[in-house]
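Right, one structure below, let's go through it.
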Amino acid sequence: MTTIAVVTAGLSRPSSTRLLADKLAAAVSSALPDVEIEVLELRDLAIDVTKNMLTGFPSPVLRAAIDTVTAADGLIAVTPVFTASYSGLFKSFFDVLDQKALDGKPVLIGATGGTERHSLVLDFALRPLFAYLRAQPVATAVYAASSDWASPGDLDTRASRAGREFASRLSSAGTAAAPDSGFVPFEQLLHAGE
Amino acid sequence: MQFGIFTVGDVTTDPTTGEAPSEYERIKAMVRIALKAEEVGLDVFATGEHHNPPFVPSSPTTMLGYIAAQTSKIILSTSTTLITTNDPVKIAEDFAMLQHLADGRVDLMMGRGNTGPVYPWFGQDIRQGIPLAIENYHLLHRLWREDVVSWSGKFRTPLQEFTSTPRPLDGVPPFVWHGSIRSPEIAEQAAYYGDGFFANHIFWPKEHFQSLIGLYRERYEHYGHGKADQAIVGLGGQVFLRPKSQDAVREFRPYFDNAPVYGHGPSLEEFTEQTPLTVGSPQEVIDKTLTFREHFGDYQRQLFLIDHAGLPLKTVLDQLDLLGEHVIPVLRKELDSLRPAHVPEAPTHASRSEVLA
């Protein structure tokens with residue numbers, strides 16, 4: 001069983017960002033047997049994310065969402081493009097995750113926008129974010145503009161390719177090594193400066 | 001079991017009046033609170049140390065010495081003493097001096113300080129926080145135990161044949177607690193020396209501190225100071241109480257909503273559910289505090305934060321009356337009766353002198 005967390009930051013209902021997220025999840029499901037997918041709508045967590053920023057700890061609901069993402073074998077992360085980048089809510093969610101939460105985790109990234117002109121947000125904003133978090137975004141990232149929903153053939157092709165790459169990464173990833181706890185015995189701490 | 005209060009020493013505008021105390025008023029209020037703590041039967045008063053506004057307590061031993069002269073029973077402590085930016089030689093001297101003046105009623109809590117800009121004001125760098133805490137404390141530990149110390153390290157000038165004076169009262173160094181919010185290195189440090197470990201336990205859910213205290217207990221046993229359940233644990237807590245629960249909630253809400261640390265975030269109800277904060281009747285404070293033992297095991301010291309967020313002095317003194325009359329006696333009786341015989345009390349000057357004798 002492979003577990004996949006889907007984080008989607010669309011704000012409207014229905015949301016084209018959610019549509020893209022579902023499309024990517026379906027592409028992965030058809031490329032990889034036996035996957036379990038859990039979708040997290042950040043809209044539902046927006047206030048909890050803000051509270052976490054103010055208090056330094058997550059509410060029980062946000063804790064559960066963070067645990068889902070941290071424990072998943074892979075992550076699909078999709079954001080609308082706002083003001084030339086990922087949305088503030090999308091970034092805020094990754095800001096309150098533990099820095100090590102995505103270490104080594106395969107990620108399929110996607111973004112939606114009104115026009116194709118913003119498509120490089122995938123590579124200029126999303127990819128560096130996940131590189132910083134030491135996650136492993138797959139080569140194909142998927143951007144969906146309004147025009148793609150009118151003639152979804154191309155979009156489906158890109159989603160399928162991304163889904164196959166992500167599935168192949170997941171099936172070859174094996175079990176991630178347990179993160180280093182960072183514990184250092186005291187004698188070593190005491191003599192570290194010598 | 002020891003009960004006490006710890007103060008940050010913030011100067012905060014009272015959101016219900018729009019007025020803030022002057023530094024003079026706040027400093028005198030802290031002293032008044034400490035004296036009242038002794039009057040109502042508390043065991044410990046601890047002051048923070050800060051070197052930036054809006055905080056006033058930059059010179060803890062001055063304040064504690066002044067309080068020592070007007071009290072006779074209460075233990076004077078800190079929450080915390082900055083082991084990173086203070087010279088360990090000066091800490092050794094200041095607290096040994098205080099020990100003599102206060103007839104041994106002194107212990108202290110080491111902390112690193114989390115405000116980056118403060119470090120360079122004292123010639124240090126926050127990125128070296130852990131190494132500073134390790135090296136400085138190791139020196140401090142020696143200065144109180146060896147009459148003549150020759151030493152060299154990474155962060156301060158070497159010492160040749162140095163004697164820190166006065167020597168600790170009766171040859172017994174002040175007991176040391178180490179406070180930490182998230183660093184396993186500090187739990188490990190406390191365990192190594194067999195010192196106490198204090199979890200501030202006010203602004204975060206209990207789970208946040210359970211692993212640190214668990215680690216400290218396990219390593220305390222590893223280093224041979226006793227069983228894990230004999231390690232010396234202190235906890236913070238934050239309370240606001242009135243005889244009637246709904247009065248407490250109504251009166252505290254504007255302070256909560258505007259508090260410097262968590263204000264403008266979660267509701268008071270969410271925060272009391274998710275963190276150790278209790279706003280309510282004495283019985284509610286008793287019930288919540290008794291759960292601490294269930295989460296962390298039998299422990300030795302409970303300190304409450306009662307004087308922050310702009311609460312007026314009179315309100316804080318009322319809190320102490322309520323704690324002293326209705327809460328502490330019940331908690332003391334309950335927790336003492338639950339504690340197994342092999343789990344020690346918090347060390348004091350008297351108990352440590354006996355061990356030495």
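So the sequences go chain by chain: A and B.
In terms of my numbering, the first sequence opens at residue 1 and continues consecutively.
In terms of my numbering, the second sequence opens at residue 1 and continues consecutively.
Every residue, glycine too, gets a C-beta built ideally from N, C-alpha and C.
Taking all protein chains shown into account, decide if lysine 36(B) is buried (16 or more other Cβ within 10 angstroms of its Cβ) or exposed.
buried
Use the C-beta contact count for asparagine 52(A): other C-beta atoms within 10 angstroms, 16 or more gives buried, fewer gives exposed.
buried
Between alanine 25(A) and the ligand ADP, is the CB less than 8 Å from at least one heavy atom?
Here there are no bound small molecules, and the ligand ADP is not part of this structure.
Are threonine 71(B) and alanine 34(B) closer than 9 Å when you measure CB to CB?
yes
Proximity test, Cβ basis, 9 Å: valine 184(A) and chain B
yes
Once the 5 residues before and after glycine 153(A) are set aside, which same chain residues still bring their CB inside 7 Å of it?
none
Whole angstroms are fine: how far does the CA of phenylalanine 82(A) sit from the CA of phenylalanine 271(B)?
32 Å
Count the other C-beta atoms from every protein chain shown that fall within 10 angstroms of the C-beta of proline 340(B), then say buried if there are 16 or more, exposed otherwise.
exposed
Quick one: which residues of the stretch 250-271 of chain B get their C-beta closer than 9 Å to a C-beta of chain A? List them in chain order.
Val261, Tyr262, Gly263, His264, Gly265, Pro266, Glu270, Phe271
Could you check which residue in Ala101(A), His191(A), Ala162(A) has the C-alpha nearest to that of alanine 21(A)?
Ala162(A)
How should aspartate 73(A) be labelled, buried or exposed, when 16 other C-beta atoms within 10 angstroms of its C-beta is the threshold for buried?
buried
Contact list for the stretch 162-191 of chain B against chain E, Cβ threshold 8 Å
Among the chains of the structure shown, chain E does not appear; the protein chains present are A and B.
Buried or exposed for tryptophan 149(A), going by 16 or more other Cβ atoms inside 10 Å?
exposed
Taking Cβ-Cβ distances shorter than 9 Å, what residues in chain A pair up with phenylalanine 203(B)?
Thr55, Gly56, Phe57
Under three-state DSSP, which class holds histidine 141(B)?
helix
In the DSSP assignment, find the beta strand (DSSP E) that holds tyrosine 143(A) and state where it starts and stops.
142-145
Proximity below 9 Å, CB of threonine 69(A) to CB of valine 121(A)
The residue asked about is misnamed: residue 69(A) is valine in this sequence, not threonine. No.
Taking any Cβ of chain A, which residues in the stretch 127-144 of chain B have a Cβ under 9 Å from it, in chain order?
Ile130, Pro131, Ile134, Glu135, His138
Of the residues that make up the stretch 76-109 of chain A, which ones have a beta carbon closer than 7 Å to any beta carbon in chain B?
none
Residues of chain A with CB under 7 Å from histidine 308(B), in chain order?
The premise fails here: histidine 308(B) is roughly 15 Å from chain A at the closest Cβ pair, so nothing lies under 7 Å.
Residue closest to proline 14(A), alpha-carbon to alpha-carbon, out of Ala26(A), Pro33(A), Arg43(A)
Arg43(A)
Close Cβ partners of glutamate 19(B) (< 8 Å) along its chain, the five nearest in sequence each way excluded:
Thr13
Between the Cα of leucine 76(B) and the Cα atoms of Val56(B), Met109(B), Ala92(B), which residue gives the shortest distance?
Met109(B)
Distance, Cα to Cα, arginine 142(B) vs leucine 212(B)?
26 Å
Between the beta-carbon of proline 57(B) and the beta-carbon of isoleucine 27(B), is there less than 9 Å?
yes
Where in the stretch 85-148 of chain B do unbroken runs of the alpha helix (DSSP H), each at least 4 residues long, occur, reported from the N-terminal end onward?
88-101, 118-121, 129-143
What residue ranges within the stretch 30-117 of chain A form continuous beta strand (DSSP E) runs of no fewer than 3 residues, ordered along the chain?
35-41, 74-82, 106-113
Per DSSP, glutamate 19(B) forms a beta bridge with which residues?
Asp14(B)
My assumption, with CB atoms under 8 Å, is that proline 282(B) sits in contact with valine 316(B). Please give the rounded CB distance.
Not really, about 16 Å apart at Cβ, beyond 8 Å.
If contact is defined by three or more beta carbon pairs under 8 Å, each pair taking one atom from either stretch, is the stretch 23-31 of chain A in contact with the stretch 53-65 of chain A?
no
Cut-off 7 Å between Cβ atoms - residues of its own chain near aspartate 130(B), not counting five sequence neighbours on either side
It should be pointed out that residue 130(B) corresponds to isoleucine in this sequence rather than to aspartate. Only Ser183, Glu185 meet the Cβ criterion.
So does the stretch 195-205 of chain B actually touch the stretch 154-167 of chain B, counting three or more Cβ pairs closer than 8 Å?
no
List, in order along the chain, the chain B residues whose C-beta lies closer than 7 Å to that of alanine 192(A)?
Pro131
In chain A, which residues lie less than 8 Å from glutamine 2(B) when you measure between Cβ atoms?
Ordered by position in chain A, no residue passes the 8 Å Cβ test against glutamine 2(B), which lies about 26 Å from the chain.
Relative to the C-alpha of histidine 208(B), which residue among His225(B), His295(B), Ser152(B), Trp144(B) is closest?
His295(B)
Residue of Asp34(A), Gly10(A), Lys100(A) minimising C-alpha distance to alanine 167(A)
Asp34(A)
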